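Each residue of the sequence shown is one higher than the one before, counting from 1 in full-length UniProt numbering. All residues carry an ideal CB built from backbone N, CA and C; glycine is no exception. Here the structure is a predicted model, which is why all the values come from computation and not from measurement.
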Amino acid sequence: MKTIGFACTSADVPLAPYSFERRAPRADDLVMEILYCGVCHSDLHWSKNDWGWTVYPAVPGHEIVGRVIEIGSGVTRYKVGDHVAVGCLVDSCMKCDQCSKGEEQLCREGNTGTYGGFDRFSKDYTLGGYSKHLVVREEFALRVPDGLDLARAAPLLCAGITTYSPLKTWNIGLGSRVGVIGLGGLGHMAVKLAAGMGAEVTVLSRTADKNDDALALGAKALLVSTDETAMAKAANGFDLIIDTVPVKHDINPYMPLLDIDGTLVIVGQLGLLAEPHTVPMVLGRRRIAGSPIGGIRETQEMLDFCAEKNILPDCEMIRMDEINHAFERMEKADVRYRFVIDMASLEVA
Ligand SMILES: [Zn+2]
Ligand SMILES: [Zn+2]
1 MKTIGFACTS ADVPLAPYSF ERRAPRADDL VMEILYCGVC HSDLHWSKND
51 WGWTVYPAVP GHEIVGRVIE IGSGVTRYKV GDHVAVGCLV DSCMKCDQCS
101 KGEEQLCREG NTGTYGGFDR FSKDYTLGGY SKHLVVREEF ALRVPDGLDL
151 ARAAPLLCAG ITTYSPLKTW NIGLGSRVGV IGLGGLGHMA VKLAAGMGAE
201 VTVLSRTADK NDDALALGAK ALLVSTDETA MAKAANGFDL IIDTVPVKHD
251 INPYMPLLDI DGTLVIVGQL GLLAEPHTVP MVLGRRRIAG SPIGGIRETQ
301 EMLDFCAEKN ILPDCEMIRM DEINHAFERM EKADVRYRFV IDMASLEVA
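See the structure below:
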């Protein structure tokens, strides 16, 4: 089927309107009309080839909410009219030990990304949610729970699950002490989700500027990471620190904040860090870990949790043709806290 989206054709040009074909639905596919798509920092990295593996033309977008408009003959989970969502994955092998556990993001054969992946059958290059339509296997569509605001639900599909999954992996609950580095799209979700689970949340920030925001989002406190006295006083005070910073940075100041057996989990940066010092790790049995999004079952659990607790991202709605300006602002961290594209602003040619 013909559809339209926004794509970039090389690393140094802005995104522009782009007409392309989505595959005809297979038996287990559904076709969705995309209503909203969140703007993730990865979209920006991807468009600019920051990771070195972008293939152009590239259509970013993996925080997708929409409505089912057509289903394949074998689809049983969804019907036309249902509100569904798609995150960073559109397929996996569905057979390996990880897929069998519901950890499709860790598929042994490699998962198929919503953009930048290769369709397992046609070998076509996948194109993301900055578009009017998406065709996806029903197993990789999530149900948007009734009552969850459709526009504001979009960023849950990446920012939400990326921060929810480590909170579950490290058993965060009532009274857990959680630190969050970086108060952007991911960080603000980490604060809301951890607080929703009953944790005591502290935002770690280089300045006190975001103090009021941190408290409004549900944090108990903001700790200024450049204040050596305050940092020394906070030593051994955290069970888990979620590090959402999406660029190369220095984790050394944060490691002593972890209690024995505490973990600093990186969810933002793909690439190098400043050289880590091993003393706090070795002497305190502290860990540095990473975590990529979450599986389909956990993503559904996160959506249901957010609906039950009324947890939603803080969003700024934009038109599709405002995306390049939104990218510029996102690079300067000038967004509170996630841009969401209203796809009604994109007309099918
Ligand atoms: Zn993302
Ligand atoms: Zn697999």
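Taken in chain order, the unbroken stretches of alpha helix (DSSP H) that lie wholly in the stretch 195 to 271 and span 4 residues or more are 211 to 217 and 228 to 233. Partner residues in a beta bridge of Ile293, as assigned by DSSP, do not exist.
Within the same chain, Cβ atoms closer than 8 Å to the Cβ of Lys248 are found at Gln269, Gly271, Leu272, Leu273 and Ala274, the five residues on either side in sequence being excluded. Short of 6 Å from the beta carbon of Pro280, and not among the five residues preceding or following it, lie these beta carbons of its own chain, in chain order: Met255, Pro256 and Arg286. Taking one beta carbon from each stretch, the stretch 30 to 42 and the stretch 127 to 146 have 3 or more pairs nearer than 8 Å; the two touch. With respect to the 9 Å criterion, Arg152 and Val335 are not classified as neighbours on the basis of their beta carbons. Taking a contact to require three or more Cβ pairs closer than 8 Å, the stretch 179 to 196 and the stretch 88 to 99 do not qualify as touching.
By the CB criterion at 9 Å, Leu240 and Pro166 fall inside the cutoff. Closer than 8 Å to some heavy atom of ligand 1: that describes the Cβ of Thr162.
The C-beta distance from Glu298 to Ile161 rounds to 7 Å, short enough to meet the 8 Å contact threshold. Within the same chain, Cβ atoms closer than 6 Å to the Cβ of Leu148 are found at Ala307, the five residues on either side in sequence being excluded.
Contiguous beta strand (DSSP E) elements confined to the stretch 125 to 171 occur at 133 to 137, taking only those with 3 or more residues. Leu186 sits buried, since 16 or more C-beta atoms from the chains shown fall within 10 Å of its C-beta. Remark: the shortest separation between the CB of Ala153 and any heavy atom of ligand 1 does not fall under 8 Å. Relative to ligand 1, Asp50 has its C-beta separated by 8 Å or more from all heavy atoms. Cβ contact annotation for Pro253 (same chain, cutoff 8 Å, sequence separation greater than five): Ser225 and Met231, in chain order.
Between Asp50 and the set Ser345, Glu331 and Arg338, the nearest pair of CA atoms involves Glu331.
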